[in-house]
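Chemist: All the letters of the sequence shown, read from the start, carry residue numbers -17 to -1, 1 to 196 under mature numbering (1 follows the signal peptide of the UniProt record, and there is no 0). Glycine is no exception: its CB is placed at the ideal position from the N, C-alpha and C atoms. After the structure tokens below, expect a handful of questions from me.
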Amino acid sequence: MRSRRFPFVVVVLLALAGCGDQTSEPPATPSATSTKQCRQQWQDLKALHGENGNPEGSARELVARWDEMYQHGLELETSATVEDCGEAIEAYGAQWAGLESLMYGLHPYDMPLQLAIDEGNRKHWVQFQKEMGTPAVLSEELRQAFSRLRILAPESYDDLSEVLAGAGDVRLEDPESVDDFVAEVAAAAEQSKSYLEAVRVDGVIDNAELDEE
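Structure, rendered in structure tokens:
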């Protein structure tokens, strides 16, 4: 299966910033009339968001927040009362969906995350070549690309650190607030030479299709 890749053209990335295709929309939750119904609703909500797991990323605050929300949902599967449903679960679902939208929206600008994906694909490719009895040697172009990206990825993320510091203040229940913040990050990325070069170099690695067998 191919891993997520991020196009070079910043205009395209700006368009992606407003797209929430990968997020889990909170389910319609009719008012629970019993504890059993309420706990089932929490089970459904946790299953919906837990299906694809934590979106991950270099914004550790957001990663930790997702884990906390998942754990809280897990606890309410067995401890919720009717008071925990209705508006309470709807608000929680909106927050969770907004968090995922924000995290996925930041992925195109998270080159350390992309580097980690590339490194994983490289290790998988080397292992596969060994199993096939063929030389597991990267081309000189690819070796240089990996070396360069290992330098550029953290540099590019440092360039975005000032704007990314506001990630914890985004109103997750407000899709417009989420989109506006991602657009801010996109604009900052457009001004980062390290980011633009990192995306270009990552394209070289992407074209090698190391994730293909």
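Have a look at G190 and L57 and give me their C-alpha separation to the nearest angstrom.
Modeler: On the sequence shown, position 207 is the one that residue 190 refers to. On the sequence shown, position 74 is the one that residue 57 refers to. First, the amino acid is wrong: residue 190 is Asn here, not Gly. Distance between the alpha carbons of N190 and L57 is about 41 Å.
Chemist: Taking the continuous alpha helix (DSSP H) assigned at S160, which residues delimit it?
Modeler: Start at 1 with the first residue of the sequence shown, and residue 160 comes out as number 177. That run of the alpha helix (DSSP H) goes P158 to E173.
Chemist: In the structure shown, what three-state DSSP assignment does D27 receive?
Modeler: Taking the sequence shown and counting its residues from 1, the one referred to as residue 27 is at position 44. Residue state, collapsed to three classes: helix.
Chemist: So N104 is in the alpha helix (DSSP H); what residue range does that whole segment cover?
Modeler: As a position in the sequence shown, residue 104 is number 121, starting the count at 1. M94 to M115 is the span of the alpha helix (DSSP H), which, as asked, contains N104.
Chemist: Do you know offhand how far E60's Cα is from R43's?
Modeler: As a working note, residue 60 is residue 77 in the sequence shown. As a working note, residue 43 is residue 60 in the sequence shown. The alpha-carbon atoms of E60 and R43 are separated by roughly 26 Å.
Chemist: Within 10 Å of its beta-carbon, does G81 have 16 or more other beta-carbons around it, so buried, or fewer, so exposed?
Modeler: Residue mapping note: residue 81 aligns to position 98 of the sequence shown, counting from 1. Buried: at least 16 other Cβ atoms inside 10 Å.
Chemist: Taking contact to mean at least 3 C-beta pairs separated by less than 8 Å, is the stretch 171 to 183 in contact with the stretch 126 to 139?
Modeler: yes
Chemist: Just the C-alpha distance for L132 and C68, rounded to the nearest angstrom, thanks.
Modeler: On the sequence shown, residue 132 is found 149 positions in, with the first residue counted as 1. On the sequence shown, residue 68 is found 85 positions in, with the first residue counted as 1. Approximately 47 Å between the Cα atoms of the pair.
Chemist: Given a cut-off of 8 Å on the beta-carbon distance, is the pair S41 and L96 in contact?
Modeler: Indexing the sequence shown from 1 puts residue 41 at position 58. Indexing the sequence shown from 1 puts residue 96 at position 113. Yes, the Cβ-Cβ distance between S41 and L96 is below 8 Å.
Chemist: Buried or exposed for residue 199, please, with buried defined as at least 16 other CB atoms from any protein chain shown within 10 angstroms of its CB.
Modeler: There is no way to answer for residue 199, as the model of the chain reaches only from -17 to 196.
Chemist: Apart from the five residues on each side of it in sequence, which residues of its chain come closer than 6 Å, Cβ to Cβ, to I188?
Modeler: Counting from one through the sequence shown, the residue named residue 188 turns up at place 205. These residues qualify, in order along the chain: D101 and A128.
Chemist: Within the continuous alpha helix (DSSP H) that includes G76, where are the two ends?
Modeler: If you number the sequence shown from 1, residue 76 lands on position 93. For G76, the enclosing alpha helix (DSSP H) has its first and last residue at E70 to L89.
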